[in-house]
RNA sequence: UGGCCCGUGGUCCAAUUGGUAGGACACUGCACUGUUAAUGCAGACGGUGGAGGUUCGAAUCCUCCCGGGCCAGCCA
């Protein structure tokens with residue numbers, strides 16, 4: 072008897088198969104039972120008749136939700152069954168029966184966010200959550216495939232770092248033996264600038280940590296970031312890379328996870344338009360658009376979530392805003408040669424109010440200017456000595472960006488909060504489970 | 001960190017603006033051969049986040065604490 076996954080039962084119509092999974096729900100209708108089994112790949116309705124199979128009927132009757140079981144039966148096409156196929160149960164082996172005295176806590180009804188997050192380890196079994204995690208995995212797969220196909224080499228950056236890349240107030244501090252304090256990385260960028268000078272085109276992908284006291288639907292204290300960096304690349308090159316990367320991720324998910332997108336209720340028509348070229352507007356143009364929309368924004372202000380939503384809602388695909396004022400951007404960004412008060416940088420804003428999914432720039436490649444900026448920002452020259460070395464030995468113009476995975480996946484899925492798109496979210500007031 | 005809002009059985013919500021805290025789901029039993037978060041009937045269970053205060057009387061009003069949500073700042 073072949074052991075099959077539920078997402079593939081269609082290939083076994085008319086045959087007997089075995090499914091290893093859990094009881095998702097059980098409906099009784101007299102001498103008929105309608106169990107719904109899930110195995111992580113999907114759900115399938117079974118049917119058992121007391122008249123035809125009293126053994127299986129008795130074994131299944133009263134079985135509790137989420138009890139684990141191994142089921143054997145015949146796959147029949149049936150329009151009355153959700154999913155189109157139904158399993159005529161021949162035999163059921165209960166692996167673990169959940170006692171009625173301590174039932175599975177997650178109901179098929181509605182729950183509040185606090186309860187669900189407290190039970191995240193169980194919540195993820197529900198079809199919607201499982202679908203989201205599969206979409207996340209597909210997005211990661213697509214992103215890595217794309218970077219590899221463009222000649223970028225994965226070079227992992229360290230999680231422990233001796234200093235910040237943008238001040239220490241938002242860093243998690245840890246004791247590091249006799250070396251004193253170390254910090255959890257908030258970006259791999261500085262390190263991949265080194266590997267880019269070694270290998271040309273590189274990227275890193277992993278978790279980063281921000282001790283920001285943010286508690287909004289767009290923030291986690293631990294999230295995953297994909298960061299490409301390329302030697303000899305200028306701003307326009309990485310903007311083009313960014314739009315190609317994002318459209319590839321979206322179209323790959325649409326192509327391979329259509330079923331999961333349907334489970335989460337995402338309108339695919341809003342994703343199919345996400346193809347290059349993405350609109351590009353300068354910071355100056357953005358300010359003009361916002362002022363025209365009645366926003367109280369002056370040149371030199373950074374944009375808040377509200378402003379980002381106004382800008383992004385004008386387009387059916389992500390928009391790239393470039394050339395922000397140097398003063399409101401990070402110390403390592405290269406100023407525009409013709410207008411030094413503008414930085415060679417860009418942000419990519421996702422549609423529908425999902426906010427910034429990419430932030431990137433051309434990096435300062437001149438030693439003297441970088442040293443000046445490090446001093447201006449009160450950063451440790453000693454800690455950044457190795458970073459300055461990159462400008463002493465064969466420095467070249469180079470550029471890169473960081474893509475926030477959870478914001479991107481939340482936008483693709485259309486979830487209201489990014490906590491749903493990571494298996495175990497870490498937030499300001501939540502570290503359990 | 002600031003602003004606003006919310007804490008009522010295991011879960012999701014009511015309680016006519018201070019007057020006996022109730023329903024649904026979940027759980028148990030019975031019925032039902034096509035259920036789609038099944039339905040119907042019956043049963044059992046058990047709660048006002050915590051500490052003070054006002055009052056004849058507090059889920060309701062006040063203070064503090066704890067927990068949570070949304071927004072802002074900051075960022076991806």
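Numbering (the working numbering), first residue to last: 72 to 504. Even glycine gets a Cβ: it sits at the ideal position worked out from N, Cα and C.
Close-in-space but distant-in-sequence residues of the same chain around residue i (CB under 7 angstroms, 5 per side omitted)
i	result
residue 201	111 and 195
residue 475	294, 296 and 428
residue 266	226 and 273
residue 321	342, 345 and 483
residue 284	499
residue 122	102
residue 159	118, 144, 145 and 147
residue 80	88, 115, 146 and 156
residue 489	288, 289, 291, 477, 478 and 481
Cβ distance (whole Å) where residue i is taken to contact residue j below 8 angstroms
i	j	result
residue 404	residue 351	The pair is not a contact, with the Cβ atoms about 18 angstroms apart (cut-off 8 angstroms).
residue 436	residue 303	10 angstroms between Cβ atoms; not a contact.
residue 191	residue 495	6 angstroms
residue 465	residue 268	7 angstroms
residue 396	residue 354	7 angstroms
residue 197	residue 497	With 8 angstroms as the limit, residue 197 and residue 497 do not qualify as a contact, their Cβ atoms being about 21 angstroms apart.
residue 501	residue 306	38 angstroms between Cβ atoms; not a contact.
residue 193	residue 134	In fact, because the Cβ distance is near 18 angstroms, the residues do not count as touching under 8 angstroms.
Close-in-space but distant-in-sequence residues of the same chain around residue i (CB under 6 angstroms, 5 per side omitted)
i	result
residue 149	157
residue 448	402
residue 424	380
residue 256	230, 232 and 279
residue 417	310, 391, 393 and 431
residue 413	394 and 407
residue 387	344
residue 444	402
residue 399	373
residue 370	358
residue 113	77 and 78
Residues bridged to residue i [DSSP beta-bridge criterion]
i	result
residue 99	104
residue 124	Answer is none; residue 124 lacks a bridge partner.
residue 88	144
residue 115	108
residue 404	434
residue 83	Paired residues: none, contrary to the question.
residue 396	413
residue 160	144
residue 93	109 and 139
residue 167	139
residue 391	351 and 419
residue 72	According to DSSP, residue 72 bridges with nothing at all.
residue 501	498
Close Cβ partners of residue i (< 8 angstroms) along its chain, the five nearest in sequence each way excluded
i	result
residue 86	73, 145 and 146
residue 360	352, 381, 382 and 385
residue 203	331, 335, 480, 484, 486, 491 and 492
residue 270	224 and 226
residue 362	368
residue 364	381
Mind listing, in chain order, the continuous beta strand (DSSP E) runs of no fewer than 3 residues lying wholly within the segment 406-474? 416-421 and 426-434
Do the segment 303-319 and the segment 335-347 touch if we need at least three Cβ pairs shorter than 8 angstroms? yes
What are the start and end residues of each continuous alpha helix (DSSP H) run of 4 or more residues lying completely inside the segment 297-377, in chain order? 306-327, 329-334, 340-343 and 354-363
Stretch pair the segment 315-331 + the segment 471-486: three plus CB contacts closer than 8 angstroms: yes
Are at least three pairs of beta-carbons, each pair with one atom in the segment 460-467 and one in the segment 416-431, less than 8 angstroms apart? no
I'd like the ranges of any beta strand (DSSP E) spanning at least 3 consecutive residues and lying wholly in the segment 179-238. none
Three-pair Cβ contact test at 8 angstroms for the segment 163-181 versus the segment 135-146: yes
Runs of 3 residues minimum, wholly inside the segment 238-299: which ones carry the beta strand (DSSP E) assignment? 244-246, 252-255 and 272-280
Does the segment 238-256 come close enough to the segment 210-219 that 3 or more CB-CB pairs lie under 8 angstroms? no
Counting pairs of Cβ atoms below 8 angstroms between the segment 167-178 and the segment 302-312, do you hit three or more? no
Three or more C-beta pairs below 8 angstroms linking the segment 120-130 and the segment 74-93: no
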